[in-house]
Structure formats: structure tokens, C-alpha cells
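Reading through the C-alpha cells given below for one structure.
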Amino acid sequence: MLKYPPRKLWPEKVYSLPELAYPDTLNACHELLDRNLDEGRGSSPAIYFKDSVVTYSELHHQVMNIAGALRRRGIQPGDRVVLRLLNRPHFISTLLALLRIGAVAVPTPPLIRAREISGIFESSDPSLLVAETELWEEVEKLDTRSVPSLNVESLCEDAPYRECDPTAKDDLAVLLYTSGSTGVPKGCMHSHADLLAIADTYARYILEPAPADRFGGHPTMAFAYGLGALFVFPLRFGASTVLLDRFTPEAMIESIRDCKVTLTFCSPLSLRLMMKEGMDLKGSLSSLRLAISAGETLPASVYRSWRDLAGVEVLDGLGSTEMLHIFISARRGRSRPGATGEVVPGYEAVVIDEKSMKPVPDGTQGLLAVKGPTGCRYLQSIYPQQNYVRGGWNVPGDVYIRDSEGFFHYQCRNDDIIVCGGINIAGPELEGVLAEHPAVSEVAVVASPDELRGMVPKAFVVVRASYTPSEALKKELQDFVQRELAPYKYPRKLEFVRELPKTSTGKIRRTELRRAEFQV
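Per the working numbering, numbering of the sequence shown is gapless, rising by one per residue and ending at 520.
What follows is the structure, given as C-alpha cells:
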């Protein structure tokens with residue numbers, strides 16, 4: 001049994017839009033897939049991947065077969081199934097099949113290592129692991145004898161499971177993991193209604209999608225950003241999704257050009273990289289009507305450069321795994337360089353004083369607090385739940401200023417998270433791994449400015465007496481982290497120091513290190 005936080009610690013949910021009045025019995029697979037067939041879209045494209053096209057009818061057939069295979073293997077409603085899949089059609093069909101039978105999907109980012117996967121196994125207590133060949137290497141390092149594992153290809157042919165399980169709208173649908181300021185992966189629980197709510201708020205009112213739209217982008221569907229962008233949104237509106245299983249700037253541009261993508265989901269880093277390619281962006285991206293940026297705040301310089309070089313507007317957005325998707329967003333024709341945007345219809349947002357928890361006047365810096373149809377429910381994590389949900393409000397830890405016109409301006413993070421190229425990296429997690437190396441006596445990891453990625457992790461290391469600081473040791477420590485954690489998490493900067501600044505009680509003064517990094 002999964003351990004939910006006490007109800008008194010749950011966020012207050014707000015259903016202020018007519019689209020959010022869901023029936024008590026609700027299955028997301030039916031709403032995202034079967035309804036499209038009911039509305040006559042069987043022959044319409046659902047997925048573009050490389051040279052192949054999957055129609056809604058073909059996807060429906062695949063999903064029923066996979067659902068049948070899962071049920072024949074004993075997967076029951078509520079069972080958790082860990083997914084190790086790339087952004088390919090079988091990610092979508094397997095996830096839909098799990099929703100169809102009332103099971104819970106636990107997607108995992110492709111780049112995480114065995115150490116991180118093991119933590120997900122421990123907390124989610126899965127009944128099955130489904131992976132593809134390219135991602136088996138880290139799986140093989142795990143002790144998974146108690147959990148059956150299957151190659152995703154073995155699920156493609158079986159007796160079809162035709163009906164959708166009569167799940168309740170509040171039944172758990174997906175369990176998404178994120179790293180918090182403690183560095184411990186936390187599972188975020190989201191229901192069938194949550195999946196639809198992000199489409200019926202952000203996508204419906206900000207993106208205004210139509211069946212003719214083609215959604216594209218590079219974020220993995222194992223992250224909340226990619227799950228909404230490439231899975232939920234296109235299917236909810238009878239549109240199509242264009243999948244890219246390996247990101248390079250050139251591949252991204254070619255994908256948009258060749259598949260005539262109309263909505264692309266990016267990060268400031270990927271926008272910068274595409275602009276560095278030296279290609280004719282206006283010509284290659286002529287099909288685009290909007291670009292969306294999230295993961296880190298969009299610098300005004302990137303906003304302007306992209307607009308000038310690509311000839312298409314980019315909308316900044318703030319979301320989180322805990323909230324499932326974007327809740328503060330720029331709007332088409334109302335973007336302001338340097339401002340994240342306005343609150344998404346269906347959500348409420350205020351800026352509060354951290355101590356009093358009361359709203360502060362416009363123009364005053366404070367913590368952002370949010371309510372809406374989605375909200376934070378951590379799995380087996382009471383203290384983080386108490387910290388994130390306060391008085392019914394979700395408090396992600398972002399410091400903002402709201403101006404008199406209702407635009408929210410990002411200031412900084414309120415914790416130790418380092419947003420590197422749109423990916424959250426927990427400094428304490430890196431510290432824990434580096435501390436395991438025999439050369440390391442003490443270590444502190446903080447954010448450091450970087451022209452390309454915005455911020456990168458920087459490690460300050462005190463070595464043991466038997467070791468001598470050197471470039472070789474620096475590379476050895478960086479490689480050590482890459483072997484233990486997802487490769488993108490390694491400290492791109494590393495400085496050897498004689499000692500770390502500390503308080504009178506012996507605590508490391510990370511604020512002092514961080515402040516020194518950002519001094520002009």
C-alpha cells in the first residue's frame with residue numbers, strides 16, 4: 001500500500017472552470033484515446049516518429065493489446081509499474097494501457113542511474129518493470145529479483161483488453177519523481193483528473209490547440225513538462241505528437257521542419273543551442289505558431305534573440321512536478337521580456353511573506369503560493385509535504401514579485417536547487433556522492449552562473465591530507481559523480497579549497513559561497 005500524506009496536509013483544490021467539472025468515474029485513457037475514436041478521428045495521425053505515423057485507430061489497437069498483456073501478467077488496478085522508456089511510440093501506448101486497466105505508471109528519466117532507480121523502487125513498491133533494450137544496462141545493476149521485468153517489445157502482441165477500468169477521478173494515475181532540496185527523490189502522486197486538468201487549464205487557455213496542431217519538443221515524457229506537452233495535450237485535443245528520442249539542436253530543428261510542428265516545447269538552454277546552429281531558423285521553423293519555454297526562467301536576451309532569429313513568439317512558463325505542469329505563463333501577444341507571465345486560468349497565485357504567510361503588496365518580493373485543480377501530494381514524505389503545502393497553498397519555493405498589472409517576475413529559488421539548463425539538480429545529492437570518494441574530506445555544492453545553461457553546479461572540495469589537488473583529481477571526481485548519478489548532474493565547475501566557511505555551530509555557510517559566485 002502506498003502511504004499518502006495526512007489529509008490535513010493536502011492542498012486545497014480549486015475547480016473554478018466549467019471544464020473541470022469531471023464525473024466521479026473517470027478514466028484518463030478513455031478521455032485521451034477512446035473519445036477521439038468516438039469523435040471520428042480514427043484515421044487521423046496521433047504520433048509521428050522518424051519515418052512512421054501512428055493513427056488513433058492503430059494506437060487504440062496497440063493500447064488494447066498491451067493492456068491485455070499487462071492484465072494476463074497479473075497487473076491489477078492500483079499496482080505500480082516502473083517504466084524505463086525513451087520518447088518513442090511505445091512510451092505512449094504503454095502509459096495509456098496502464099491508465100486503461102487502472103494501474104499506476106511510474107516513468108523514470110532515461111539518464112538516471114541504478115542508484116537513483118533503486119530509490120524509486122524502494123518507495124513505489126512496483127509490481128513490474130517495463131524497459132527497452134537501450135536502457136537495460138542500469139536495470140541490470142539492480143537487485144530486482146522480487147520485481148518481474150519485461151522488455152517493452154514483449155508487450156506488443158496479446159489478447160486485447162477492450163474496456164477501460166471504471167477508475168474514480170481521484171484514483172492515482174501516475175507517480176512522478178523529482179529531487180528536492182534534501183536530494184532524496186520524492187514521488188509526486190497525480191490522479192486521472194489531474195492529467196486532464198492540466199490540459200483543460202494551461203493547454204486550453206494558453207495554447208488554444210486544435211486537431212490540426214502538431215506538438216513537438218525534446219523534454220522526456222518521464223518529466224511532468226514532457227508528459228503534458230507530448231502525451232496529455234495532443235491527445236486531449238485530438239491533435240498529434242512528434243516524438244524525438246535523442247536531442248541535438250540539429251535534430252530538433254529538422255524534426256520541426258520535416259514534421260511541420262506547430263507547437264514546440266523547449267528550455268532556455270535548447271533555444272540557445274538551436275540559435276547557435278547557424279541555420280536559417282525562420283525558414284526551417286516556418287510551421288511554428290508558438291514556442292514554449294520552461295524549466296528555468298527565460299532571460300529577456302534569449303526571448304528577444306529567438307523572436308528575431310526564428311520569427312516566432314516564445315512563451316515563458318513556470319510549473320513543477322508537484323503541480324504537474326505550468327501554472328504561471330506568458331500569453332500570446334502579452335509576453336513581457338523578463339516576466340514569467342500571468343496566472344493560468346483555473347489557478348490562483350499570490351506572493352506571500354514567508355514568516356506570516358500573508359500576501360505582500362504588489363512590487364514586494366516574497367514566496368509564490370498557488371492553488372488550482374492540481375496540487376502536491378508527496379509519497380511517504382511528511383516533512384517535505386509540510387514544507388510544500390502551507391495553509392492549503394502550494395509553495396514551490398520560488399521567490400517572485402507581482403507587479404500592479406498581475407505579471408509575475410522571478411527573483412530566485414528559496415532552497416538549494418540548482419536549475420541547470422532547465423533541469424533541477426539538488427546540491428545536497430551531489431555533496432552526498434562526492435563525500436563517498438576517498439579523496440574528499442568536506443564538500444559543498446552551490447549554483448554558479450553559466451552563460452549557456454544559466455546556472456551549473458559548482459563543488460567546493462576540501463581534500464584529505466593524503467591527496468593533492470590537481471586537474472587529474474578534479475576530473476576523477478567529476479567522472480565519479482557521472483558514474484553514480486545521471487550524467488547531467490555532475491559538477492561542471494569544481495574548486496579545491498583549504499576550508500569551507502562555517503557558522504559558529506559548524507554548519508557550512510553555503511549562502512556565502514553562493515553569493516560570491518554571483519557577485520559581479
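Note that the Cβ used here is the ideal one computed from N, Cα and C, for glycine as well.
Would you please state the rounded distance, in angstroms, between the beta carbons of residue i and residue j? I believe it to be under 8 Å.
i, j, result
"F460", "A472", "About 18 Å; that fails the 8 Å criterion."
"R196", "P107", "One detail in the question is off: residue 196 reads as Leu in this sequence, not Arg. That belief does not hold up - the Cβ atoms of L196 and P107 are roughly 18 Å apart, past 8 Å."
"V232", "L32", "7 Å"
"H192", "N27", "6 Å"
"N414", "G391", "Going by Cβ atoms, the distance from N414 to G391 rounds to 17 Å, so no, they are not a contact pair."
"P126", "R80", "4 Å"
"E39", "K371", "Incorrect: roughly 32 Å between the Cβ atoms, too far for contact."
"D416", "R510", "7 Å"
Near residue i, which residues of its chain fall below 7 Å by C-beta distance, leaving aside the five closest residues on each side in sequence?
i, result
"G180", "Note that G180 scores 43 on pLDDT, short of 50, meaning its location in the model is unreliable and no value can be drawn from it."
"A114", "E138, K141, L142"
"P6", "none"
"G319", "A224, Y225, A294, H325, I326, F327"
"S16", "G346"
"A97", "V63, I66, A67, L70"
"M279", "I253"
"L481", "A small fix is needed here, since residue 481 is Val in this sequence, not Leu. For V481, where only same-chain residues beyond five positions count, the Cβ hits under 7 Å are L430, V433, L434, K489, Y490, P491."
"M357", "R390, G391"
"C412", "V399"
State the beta-bridge partners of residue i as determined by DSSP.
i, result
"T264", "G216, A291"
"Y48", "V53, V242"
"D450", "G454"
"T25", "A168"
"Y400", "G366, Y410"
"M189", "L175"
"I326", "G319"
"P107", "L83"
"N424", "V419"
"V443", "V461"
"P337", "BP columns for P337 are empty, so no partner."
"S149", "L129"
"L494", "A459"
"P89", "Paired residues: none, contrary to the question."
"K371", "E348"
"I508", "K502"
Taking the alpha carbon of residue i as the reference point, which residue from the options has its own alpha carbon closest?
i, options, result
"D34", "N414, Q76, D165, G216", "D165"
"V344", "F237, G363, G406, D398", "G406"
"L59", "R41, R334, A516, E116", "R41"
"A159", "I66, L129, P148", "I66"
"C420", "P491, G432, H30", "P491"
"P110", "M221, L9, F480", "M221"
"R332", "M323, G317, E322", "G317"
"Y202", "F121, L70, G346, G338", "G346"
"S466", "E476, V440, P268", "V440"
"N36", "Y56, D24, A21", "Y56"
"F265", "S284, L207, A131, P299", "L207"
"L9", "R483, I382, P501", "I382"
"K507", "E476, E442, R72", "E442"
"H437", "S470, F408, D479, G422", "D479"
Only counting the same chain, and skipping five residues up and downstream in sequence, which positions put a Cβ closer than 6 Å to that of residue i?
i, result
"T297", "Y410"
"F237", "P209"
"P77", "G102, D165"
"E134", "none"
"E354", "L367"
"A369", "V350, I352, W393, V395"
"V54", "A46, I47, P89"
"D194", "L324, T374"
"R289", "T262"
"E431", "V443, V445"
"P359", "V350, I352"
"A330", "L315, D316, G341"
Excluding the five sequence neighbours on either side, which residues of its own chain have a C-beta within less than 8 Å of the C-beta of residue i, listed in chain order?
i, result
"K260", "R214, S287"
"I418", "N424, I425, A426, G427, V445, V446, A447, M455, V456, P457"
"L244", "N87, G216, G217, H218, A251, M252, S255"
"W306", "L271, M275, A291, V312, V314"
"A212", "A239, T262"
"R304", "P337"
"K282", "L309, A310, G311"
"V462", "V440, S441, E442, V443, F496, V497, R498, E499, L500"
"R73", "L128, P148, L150"
Taking CB distances under 9 Å as the criterion, tell me whether residue i reaches chain C.
i, result
"M275", "Among the chains in the structure shown there is no chain C, since it carries only a single protein chain."
Cβ contact check for the region 364-375 and the region 395-414: 3 or more pairs under 8 Å: yes
Is the number of C-beta pairs between the region 263-274 and the region 448-456 that are closer than 8 Å three or more? yes
Any contact of the region 86-102 with the region 144-163, i.e. 3+ C-beta pairs under 8 Å? yes
When the Cβ atoms of the region 167-175 are set against those of the region 92-104, are three or more pairs found closer than 8 Å? yes
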